[in-house]
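*Asks:* Just so you know, our numbering puts 35 at position 33 of the sequence shown, and the rest follows in order with no gaps.
Before we start, here is the structure in question, set down as structure tokens.
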Amino acid sequence: MTEYYVFRFLPILLAETIVLWRMKWASLPVSALDALLMNFASFLGLMLGLGPYITSNGPWGLTLFCTYSILVEGVVLLALERHPARKVWLTSAAANLVSTAIIAAEVIFSGGLRVLPDNHASGPASWLEAVGYLASLLFWLQALV
3 MTEYYVFRFL
13 PILLAETIVL
23 WRMKWASLPV
33 SALDALLMNF
43 ASFLGLMLGL
53 GPYITSNGPW
63 GLTLFCTYSI
73 LVEGVVLLAL
83 ERHPARKVWL
93 TSAAANLVST
103 AIIAAEVIFS
113 GGLRVLPDNH
123 ASGPASWLEA
133 VGYLASLLFW
143 LQALV
């Protein structure tokens, strides 16, 4: 289970560093440090018990992961007191939307996302439903921001 999270930690850290930097959070090294701090807090929560629930529930697990990450990482960025709350939450939402999209793409293309029961054939219907879940996640996050 630990390898599962470590494998995803580094690409997410890189993606969120770039998002923070492009949103003019700080310089690239400071953005990398802040991304490391906020992802470490999320990583601890996943290791302490939320991880198995997220990895076993398909699209709803991804939704839970994104919501959890936005909240935890937003609080960490608020604690750093570098920017006003509006910028903190926009940055946290954008960074976690990107990282959740990366994880969703990996899961979908590896065939690990099951959006239909096992008695249905996987095919275009399951792909369309997976895309629908991802689109609803994106819409929901946009409504929050």
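Even for Gly, the Cβ is constructed at its ideal location relative to N, Cα and C.
So Val21 packs on Ala96, CB below 8 Å; how close in whole Å?
*Replies:* 5 Å
*Asks:* Between the region 75-94 and the region 26-43, are three or more C-beta pairs nearer than 8 Å?
*Replies:* yes
*Asks:* Specify the secondary structure class of Ala106 as computed by DSSP and reduced to three states.
*Replies:* Ala106: helix per DSSP, three-state reduction.
*Asks:* Where Leu73 and Thr19 are concerned, what is the direct C-alpha to C-alpha distance, given to the nearest angstrom?
*Replies:* 17 Å
*Asks:* Can you find the residues in the same chain that come closer than 8 Å, C-beta to C-beta, to Thr102, ignoring five residues on each side of it along the sequence?
*Replies:* Leu64, Phe67, Cys68, Ser71 and Leu139
*Asks:* First and last residue of the alpha helix (DSSP H) that includes Gly51?
*Replies:* Note, Gly51: premise wrong, no alpha helix (DSSP H); not H, not E.
*Asks:* Identify whether Trp27 lies in helix, strand or coil by the three-state DSSP scheme.
*Replies:* coil
*Asks:* By how many angstroms is the C-alpha of Arg10 removed from the C-alpha of Leu50?
*Replies:* 17 Å
*Asks:* For Ile110 versus Ile14, is the C-beta spacing smaller than 8 Å?
*Replies:* The beta carbons of Ile110 and Ile14 sit no closer together than 8 Å.
*Asks:* From Pro61 to Ala106, what does the alpha carbon distance come to, in whole angstroms?
*Replies:* Here the C-alpha atom of Pro61 lies approximately 8 Å from the C-alpha atom of Ala106.
*Asks:* How many angstroms separate the CA atom of Asp36 from the CA atom of Ala17?
*Replies:* 13 Å
*Asks:* Report yes if the C-beta distance between Ala34 and Arg84 is below 8 Å; otherwise report no.
*Replies:* no
*Asks:* Straight-line CA distance for Leu30 to Leu52?
*Replies:* 30 Å
*Asks:* Secondary structure at Phe11, three-state DSSP: helix, strand or coil?
*Replies:* Looking at Phe11 - three-state DSSP - the assignment turns out to be helix.
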